[in-house]
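Input: a single structure, listed below in structure tokens.
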Amino acid sequence: MQEVVVSPVEEIGGVLPGLAEQVWTNARQAPEAVQFVRPAPVSRAWPVRRSVRGGDVPVTCAQFRDDVHSLARGFLAAGVGHGDRIGLVSRTRYEWTLVDYALWAIGAVSVPVFETASADQLGWILSDAGVVGCVVETSDQAELVASRRSDLPALRDVWQIDAGDLTDLAGQGHAVDDAVVDGRRRRVTGGDMATIVYTSGTTGRPKGCVLTHRSIHCDVSAAVSVLPQLLHPEANTVLFLPLAHAFARMIQVGVVQTRTTMVHSADIAGVLEQLRRHRPTFVLAVPRVFEKLHSRAQQKAEGSHRAWLFQLAERVAVRYSRGRDRSWGPNPLLRLARGGFDPLVYRKLRAALGGRCSAAIVGGAPLGERLGHFFRGAGLLVLEGYGLTEASPALTANTPTTQRIGTVGRPLPGVKIRIADDGEILARGDPVFPGYWNNSEATRAVFTQDGWMRTGDLGELDSDGFLRITGRQKEIIVTASGQNLAPTPIEEAIRADPLVSQCMLIGDGRPYVAALVTIDPSAWDRWRSEHGRSDDATVAELRDDPELCGEIQAAVDRANATVSRAEQVKTFRILPRDLTESDGELTPILKIKKSVVQEHFSDDVEALYQGH
1 MQEVVVSPVE EIGGVLPGLA EQVWTNARQA PEAVQFVRPA PVSRAWPVRR SVRGGDVPVT
61 CAQFRDDVHS LARGFLAAGV GHGDRIGLVS RTRYEWTLVD YALWAIGAVS VPVFETASAD
121 QLGWILSDAG VVGCVVETSD QAELVASRRS DLPALRDVWQ IDAGDLTDLA GQGHAVDDAV
181 VDGRRRRVTG GDMATIVYTS GTTGRPKGCV LTHRSIHCDV SAAVSVLPQL LHPEANTVLF
241 LPLAHAFARM IQVGVVQTRT TMVHSADIAG VLEQLRRHRP TFVLAVPRVF EKLHSRAQQK
301 AEGSHRAWLF QLAERVAVRY SRGRDRSWGP NPLLRLARGG FDPLVYRKLR AALGGRCSAA
361 IVGGAPLGER LGHFFRGAGL LVLEGYGLTE ASPALTANTP TTQRIGTVGR PLPGVKIRIA
421 DDGEILARGD PVFPGYWNNS EATRAVFTQD GWMRTGDLGE LDSDGFLRIT GRQKEIIVTA
481 SGQNLAPTPI EEAIRADPLV SQCMLIGDGR PYVAALVTID PSAWDRWRSE HGRSDDATVA
541 ELRDDPELCG EIQAAVDRAN ATVSRAEQVK TFRILPRDLT ESDGELTPIL KIKKSVVQEH
601 FSDDVEALYQ GH
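Residue numbers (UniProt numbering): 1 to 612.
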């Protein structure tokens, strides 16, 4: 049994205040510091406090405090009490953060729901949490809530952001004395519940993770202590991940705690423009963002007949990065080559992120080791971490000064990591949650008898305390012959091909391992053009095309070369379309829901094993 313990960054004694207290501290210490930027065109759902014409609107620490205070009064006027749960359904935008902190300022509990949730998912979460109110963004979301009203006996109010309901609510709060808000804020302590975050889950109904003000504070403080180069008052970031996910929520709290400037970007299609305009010093992303960034750069090079240049630049970047891990560093020839490729290739990659971005924090899924080396060699640190909603959410992280590519870093301060005898990663420490909402059975199951939280992930610790994820217990494939294998590394290797969008291995109880593969829509037009196929030909029509299958076979062969013979993919099938979140096949952070995919494409699965 392996174990590593890192001392907490601070010993917290006495009563810890609630998370909203930092908003008032920032307003006192740096009232004119810019905490947020509301990008143009600015939503009028919440009033703009200064005159602007079509430009971005900076929100200072003092203005944010005033906005939080104003909306908190409104919630009090609506009868929201200490500990009451309020649903929050919206894309990432300024009002999301405003609602979150206004609720925390009065001791209420926010219950975020992904804006893509179905009526059944939304109804289950709001019902299970027993919400008394719900903030939604759009009229469509308001209608969804209305359609489940009979299942929500505690629900009194629904406020729609786009209809100006928050502004009206703040107006109603004028009747509430300021001292009442201050008194409620001071009653909030670290032990109070801050939020119930429902796991998006790749299987089963979502479970509500209870996170306290203390657990979130300790996790964010630990992350800030090891990432001071990223989170500080002169830094800025563009947040485009959904705030309903605990990973993005952690950054929201981190920027407030450190007075880092943040831009909310609700429109994922407009992210590149926001990155170019606001030139962030760091970004938060899931690995798929960097896989696509790499693939599109490769496709662009191929389209201009410079594929050879990109391939050479990629090879140099990877070798240069690997050389940095040796005590003597990259050799002089590599340094020279890396410098030569910088203006030709690497600088253009960095420009896609705004030109000032020096690091990215990546989580939610594993990033391939080769991609990690490629981006580091190209001048962008991609720092992988690891965690889960139940841990507020971060447990480990690579940092600019202690990075080991291929791992998810060392435990954060205050976190203990243990590898059980069966390989499962166990965790305990300040960020770990107290349990699931309304689910004592699941809470008992997630903790060992001696108080360690079971993560469900498999891993190993090296001699320096770096954690490597090797698989997930529930996703281990056991073939009919008894061969056990973790599918993730092979799936990553196949997905590295620019033509591939998603890859999912199957084979549990089957005679051999096979793969379901989807084609990347952004690469499809180029492939058709280069191979003389009709401009309107679909993947469904050409998925048995010998040349297309040959390219996917080459990607599978490259992946097979990295594993033992028993683990190799014997055959594959190209699916007629890409996997989507709207069809329930992907979670909001683009993890594959394997059971759903197998159900939707059961005929394709069976076709892989015909005759066996």
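We put the CB at the ideal spot given by N, CA and C, even for glycine.
Please classify L381: does DSSP put it in a helix, a strand, or coil?
strand
Mind checking whether P393 and A537 have CB atoms under 9 Å apart?
no
State buried or exposed for D178, treating a residue as buried only when at least 16 other CB atoms are found within 10 Å of its CB.
exposed
Does the region 357-367 come close enough to the region 332-344 that 3 or more CB-CB pairs lie under 8 Å?
Judged by Cβ distances under 8 Å, the region 332-344 makes no contact with the region 357-367, as fewer than three pairs qualify.
Should R205 go down as buried or exposed, given a rule of 16 or more other Cβ atoms within 10 Å for buried?
Flag for R205 reads exposed.
Consult DSSP for E599 and reduce its assignment to one of helix, strand or coil.
helix
Identify which residue in Q257, H174, V135 has its Cα closest to the Cα of A163.
Put simply, of Q257, H174, V135 the residue whose alpha carbon is nearest the alpha carbon of A163 is V135.
Going by beta-carbon coordinates alone, are V42 and V34 separated by less than 9 Å?
no
Tell me whether Q141 sits in a helix, a strand or coil according to DSSP, three-state version.
helix
Using only the alpha-carbon positions, how far apart do A486 and P588 sit?
Pairing A486 with P588, the inter-Cα distance amounts to about 23 Å.
Alpha carbon to alpha carbon, how far is T202 from E475?
Because the pLDDT of T202 is 49, which lies under 50, any placement of that residue in the model is unreliable, and the question is left without a value.
Can you name, in chain order, every residue of its own chain whose Cβ lies under 8 Å from the Cβ of F290, other than the five neighbours on each side?
A360, V362, L367, L371, F375, V382
In the DSSP output, what is R454 paired with across the bridge?
L426
Around the C-beta of E599, are 16 or more other C-beta atoms found within 10 angstroms, so that it is buried, or is it exposed?
exposed
Which value, in whole angstroms, describes the spacing of the CA atoms of V596 and S602?
10 Å
Do the region 269-289 and the region 233-243 meet, that is, are 3 or more Cβ pairs less than 8 Å apart?
yes
What residue range does the alpha helix (DSSP H) around F572 cover?
First-last for F572: 569-574, but that is the beta strand (DSSP E), not the alpha helix (DSSP H).
Please list the terminal residues of the continuous beta strand (DSSP E) segment that includes C209.
208-212
Where does S7 sit, in a helix, a strand or coil, going by DSSP?
It is coil, neither helix nor strand.
I'd like to check one pair, P112 with R214: are the Cβ atoms closer than 9 Å?
no
Is the CB of R306 under 9 Å away from at least one CB in chain B?
The question asks about chain B, but that chain is absent: this structure has only one protein chain.
Helix, strand or coil for S110, going by three-state DSSP, please let me know.
strand
What three-state label does DSSP hand I417 in the structure shown?
strand
Classify T202 as helix, strand or coil using the three-state DSSP reduction.
With a pLDDT of 49 at T202, under the threshold of 50, the modelled position of this residue cannot be trusted, and the question is left open.
Could you name each continuous alpha helix (DSSP H) segment of 4 residues or more that falls completely within the region 343-375, going from the start of the chain to the end?
347-351
Could you check which residue in A297, S304, P332 has the C-alpha nearest to that of R347?
A297
Let's see if you can read the secondary structure: which residues bound the alpha helix (DSSP H) around T97?
94-105
Can you find the residues in the same chain that come closer than 8 Å, C-beta to C-beta, to L71, ignoring five residues on each side of it along the sequence?
L98, V99, A102, L166, L169, A170, G173
Okay, do the region 212-231 and the region 425-436 touch, 3+ Cβ pairs below 8 Å being the bar?
yes
Taking one C-beta from the region 394-408 and one from the region 462-470 each time, how about it: are there three or more such pairs within less than 8 Å?
Contact between the region 394-408 and the region 462-470 is present, because at least three Cβ pairs lie under 8 Å.
In whole angstroms, what separates the C-alpha of L272 from that of S534?
30 Å
Tell me, please, which residues DSSP counts as bridged to V158.
V158 is bridged by DSSP to C134.
Given a threshold of 16 other Cβ atoms within 10 Å of its Cβ, counted over all protein chains shown, does E143 qualify as buried or as exposed?
exposed
Based on the DSSP output, what are the partners of Q2 in its beta bridges?
I419
Does R573 pass the burial test, meaning 16 or more other C-beta atoms within 10 Å, or should it be called exposed?
buried
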